[in-house]
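Contents: one structure, followed by commentary.
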Amino acid sequence: MTEKSSKDQDFVLPVRVYIEDTDAGGIVYYVNYLKFMERARTEYLRSLGYQHYGLSEENYQFVVHSCQVRYHSPARIDDALGVSAGLRHLGKATLLFAQQVRRGDQLLCEAEIKIACVSADGIRPKALPAPLYQRFKAEYRGERAND
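In structure tokens:
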């Protein structure tokens with residue numbers, strides 16, 4: 040279901056466009072690109088051996104701090120897409136992802152999404168757990184451990 044792109048080493052999640060993702064004209068509704076990107080980041084985290092619910096049990100949560108999105112071309116019902124997630128900056132409590140949605144080689148949508156790590160109980164900034172920080176650091180350096 041998931042893979043690493045050999046071109047740029049970003050994580051890529053295959054996504055199929057269903058009718059529920061589209062408007063009345065069969066074109067993907069703009070906010071659904073962000074949902075596809077959220078799924079790609081979640082699966083990327085899972086590929087590193089972590090899951091959101093496990094982190095929340097340890098009082099960690101990820102929240103979107105900000106995003107900048109550019110739409111280039113529409114996706115349509117039944118399209119097969121690739122949704123990438125590439126770590127571009129790693130802070131002690133923040134992650135910056137560059138993400139793209141592509142249909143084959145065609146860029147449809149791209150975004151920069153800043154994620155903050157917060158305490159699950161108080162929604163206050165909190166440093167990433169040390170083991171996860173080290174995994175992200177290795178990824179950022181291109182040292183993927185489980186390929």
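With this note's numbering applied, the sequence shown covers 40 to 186. Ideal Cβ positions, reconstructed from N, Cα and C, are used throughout, including at glycine.
| Asked | Found |
| --- | --- |
| Simplified DSSP state of S95, which is helix, strand or coil | helix |
| Simplified DSSP state of S123, which is helix, strand or coil | strand |
| Buried or exposed by the 16-neighbour rule on C-beta atoms within 10 Å, applied to D62 | exposed |
| Beta-carbon proximity list for Y179, same chain, < 7 Å, skipping 5 on both sides | L126 and L129 |
| Backbone CA spacing between V157 and Q90 [nearest angstrom] | 15 Å |
| Between the CA atoms of L87 and K153 - distance to the nearest angstrom | 19 Å |
| Contacting residues, own chain, Cβ-Cβ under 8 Å from R78 (five flanking each side not counted) | L52, V54 and V122 |
| Residue span of the beta strand (DSSP E) that contains S158, given as start and end | Q145 to S158 |
| Cβ-based neighbour list, N71, same chain, cut-off 7 Å, excluding 5 preceding and 5 following | D60 |
| Continuous beta strand (DSSP E) stretch holding V70: start and end | Not the beta strand (DSSP E): V70 falls in the alpha helix (DSSP H), residues Y69 to S86. |
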